[in-house]
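Notes for the one structure printed next.
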Amino acid sequence: MFDESRTAGLTAASERSTGNRCGASAPQRRVMMEGSGDTTKWLYRFEAKGIQKWILATDKLRELKGGSSLIEELAQLGSQRAEKLMGQVRVAAAGAGEYELPNREAVERFAHDWPLFVQGHAPGLQVIQAWVPVGADEGHATRELFRRLGAARNRPAPELPEIGPWVARSGRTGGAAVGRHHGSLEDSASHAKREASMRDELVRHTGEIRLLDDFDEWGEGYLAVVHADGNAVGERVAKLSGASLRTFSSALSEVTRSAFSHAMTRLAMESPYGVRARPIVVGGDDMTIVLEAGAALPLVHAYLTDFENRAVASAGLGGPLTASAGVAFVKKGYPFHAAYELSERLCKSAKRAREGRSAISFYRVTSAVVDLDRASEGAHEGNRPAPPRRDAYTLGELQSLDDLCVTVERLPRGSLRRWLGELSVSTSRARLLWQRMKEVEGDEMTALETELQKLVGATEGEHAGLVADASTWLRLQPAAGKKYRRLWGQE
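In this note's numbering, the protein residues as written are 30 to 520.
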């Protein structure tokens, strides 16, 4: 699956270039040049630096996914190389690895070759690394390892080799061109990302899903940028080490990928006319995907439900685990990095609002200028008050919102829009409009109030957010058929 031939000959590069790029300290570089032969065990750790910036340095969906795949592959590739040196894998995560190597000669060799290998595998990705002898106190060695790694992280790393004035550049990324693709100059990072995306096997079975490569292919209307990750995973990881940490990491990745595969299979089953999507990140406890707006909440609901169920059944996780998700609804011309950042912040907002439970927070962007901090909290959008919205929904609450949509759909949208608009201007006038709708619509308004009370009781302030969210969800449906409105399994 991995093409290591691309890195052939890289180890002939200068040691000075290697040390600078990997962030090794001067004493560590001197160690590499001294004699070896001792049998003291060494701890080594590497971390990719600026992962998000490196992945998002493109506007091509295929390359976004390819970049994510290259990051995920580093864990497997690093583990394979450490094991060839008779080392033990302590941590293997996306973009990071920690190994116990048998002697100084082994750690010197790994530290010398690995950054150069990474440059061949994922061109332009910066890697920091550090290593320490284990000694009698392993805890002290681990603390010293992270101290050195932190120092390396704060040390600026130059981009080598520098791009000269006569070197052609890629028009999309500004990187040095190494060839052409479809007539356009392409840099080495884009080439590697594109190749990686072509060997992805995660969603090949979903024949009804059209994997789009460019935002221009989405057509009109909204698309959804979804980001999900596990709740309190860091707290659990901090209590683990050695074999227990490796078991947990492997089990977590398996739960994430299996839950995603299940959700994608459901998406294909529930999309008889096909659906557009592009997975970006699936690994560790992270999941990021771009897809049609109308399919977003059903997909996320299916993913989080299956994640929770699989986590309970997984012996390697050591107990139940939940996840949360943020969904940013944007037009295709909206900058992807901004939409992704908003989805991340919405995910964090959902975690805070429904601590410990699987939860979802979503937001529809209607302005070119959005204050991400305040939008993720539902405060303002541009210079106008944002439409009322609920901070987050648990899985059960999302099902209730799904039921609420059925009732809201039967009411005049004009009346609801006037009521929602009046809420930010005059509460008293909004109450009068609500009473007027009850008089005119009768049973439909009674049904609406019943559904609202199922969710939040008689809290009038939250009624507005729920109705606004239901209206938003209905507005994001396809023009014909409304085939995604109900959560899967709901009739």
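From the three backbone atoms N, C-alpha and C, an ideal C-beta is built for every residue, glycine too.
Could you please give me the residues that DSSP links to residue i through a beta bridge?
{"i": "residue 318", "result": "255 and 308"}
{"i": "residue 198", "result": "205"}
{"i": "residue 396", "result": "DSSP lists no partner for residue 396."}
{"i": "residue 120", "result": "127"}
{"i": "residue 444", "result": "Answer is none; residue 444 lacks a bridge partner."}
{"i": "residue 391", "result": "356"}
{"i": "residue 210", "result": "213"}
Could you pull the start and end residues of the beta strand (DSSP E) that residue i belongs to?
{"i": "residue 160", "result": "155-162"}
{"i": "residue 88", "result": "Neither: residue 88 is in no beta strand (DSSP E) and is coded neither H nor E."}
{"i": "residue 74", "result": "71-78"}
{"i": "residue 419", "result": "First-last for residue 419: undefined, no H or E at that position."}
{"i": "residue 128", "result": "125-130"}
{"i": "residue 355", "result": "352-360"}
Taking the alpha carbon of residue i as the point to measure from, which residue in the options has its own alpha carbon closest?
{"i": "residue 180", "options": "157, 163, 88 and 150", "result": "157"}
{"i": "residue 496", "options": "435, 461, 471 and 295", "result": "435"}
{"i": "residue 313", "options": "326, 296, 277 and 332", "result": "277"}
{"i": "residue 116", "options": "138, 85 and 77", "result": "138"}
{"i": "residue 183", "options": "202, 127 and 159", "result": "159"}
{"i": "residue 134", "options": "72, 178 and 187", "result": "72"}
{"i": "residue 316", "options": "347, 283, 272 and 441", "result": "283"}
{"i": "residue 250", "options": "80, 362 and 459", "result": "362"}
{"i": "residue 359", "options": "310, 281 and 253", "result": "253"}
{"i": "residue 295", "options": "332, 260 and 285", "result": "332"}
{"i": "residue 388", "options": "337, 300 and 342", "result": "337"}
{"i": "residue 79", "options": "90, 92, 96 and 327", "result": "96"}
{"i": "residue 279", "options": "471, 191, 105 and 459", "result": "105"}
{"i": "residue 111", "options": "127, 308 and 101", "result": "127"}
{"i": "residue 222", "options": "74, 311, 286 and 150", "result": "150"}
{"i": "residue 99", "options": "153, 173, 373 and 113", "result": "153"}
{"i": "residue 439", "options": "270, 120, 84 and 471", "result": "471"}
{"i": "residue 148", "options": "188, 287 and 468", "result": "188"}
{"i": "residue 175", "options": "74, 199 and 122", "result": "74"}
{"i": "residue 269", "options": "168, 108 and 456", "result": "168"}
{"i": "residue 299", "options": "327, 273, 285 and 286", "result": "327"}
{"i": "residue 273", "options": "492, 370, 292 and 121", "result": "121"}
{"i": "residue 146", "options": "178, 113, 107 and 165", "result": "107"}
{"i": "residue 329", "options": "343, 291 and 305", "result": "291"}
{"i": "residue 506", "options": "351, 372, 393 and 118", "result": "393"}
Below 8 Å CB to CB, which residues in the same chain sit around residue i once its five sequence neighbours on both sides are set aside?
{"i": "residue 376", "result": "256, 257, 258, 353, 354, 355 and 390"}
{"i": "residue 196", "result": "205 and 206"}
{"i": "residue 202", "result": "86, 87, 216, 218 and 219"}
{"i": "residue 163", "result": "69, 70, 71, 72, 129 and 170"}
{"i": "residue 500", "result": "437, 442, 445, 446 and 449"}
{"i": "residue 65", "result": "Only weak support exists for where residue 65 lies, its pLDDT of 44 falling under 50; the coordinates are left without a value."}
{"i": "residue 198", "result": "192, 204, 205, 206, 214 and 216"}
{"i": "residue 473", "result": "436, 439 and 440"}
The alpha helix (DSSP H) that contains residue i, what's its start and end?
{"i": "residue 216", "result": "First-last for residue 216: 213-216, but that is the beta strand (DSSP E), not the alpha helix (DSSP H)."}
{"i": "residue 26", "result": "The requested residue 26 does not occur in the structure, where the chain is confined to residues 30 to 520."}
{"i": "residue 172", "result": "167-182"}
{"i": "residue 338", "result": "325-342"}
{"i": "residue 263", "result": "262-267"}
{"i": "residue 346", "result": "Per DSSP, residue 346 belongs to no alpha helix (DSSP H) and is neither H nor E."}
{"i": "residue 459", "result": "456-470"}
{"i": "residue 274", "result": "271-298"}
{"i": "residue 191", "result": "Per DSSP, residue 191 belongs to no alpha helix (DSSP H) and is neither H nor E."}
{"i": "residue 385", "result": "Here residue 385 belongs to no alpha helix (DSSP H), and DSSP marks it neither H nor E."}
{"i": "residue 135", "result": "133-150"}
Less than 6 Å between C-beta atoms, sequence neighbours within five positions excluded: which residues of the same chain meet that for residue i?
{"i": "residue 208", "result": "215"}
{"i": "residue 125", "result": "76"}
{"i": "residue 262", "result": "314"}
Cutting at 7 Å between CB atoms, please list the residues of its own chain near residue i, excluding the five before and the five after it.
{"i": "residue 412", "result": "Only weak support is given to the placement of residue 412: the predicted model assigns it a pLDDT of 44, under 50, and the question is left unresolved by the model."}
{"i": "residue 432", "result": "480"}
{"i": "residue 547", "result": "The displayed coordinates of the chain run from 30 to 520. Any statement about residue 547 would go beyond what the structure contains."}
{"i": "residue 341", "result": "349"}
{"i": "residue 289", "result": "311, 316 and 332"}
{"i": "residue 345", "result": "276, 277, 279 and 280"}
{"i": "residue 83", "result": "96, 153 and 154"}
Does the pairing of the region 314-326 with the region 380-387 give three or more beta-carbon distances under 8 Å?
-> With the cut-off at 8 Å, the region 314-326 and the region 380-387 do not touch.
Check whether the region 323-331 touches the region 359-379, counting contact only when three or more Cβ pairs, one atom from each stretch, lie closer than 8 Å.
-> The region 323-331, when compared against the region 359-379, does not touch it at the 8 Å Cβ threshold.
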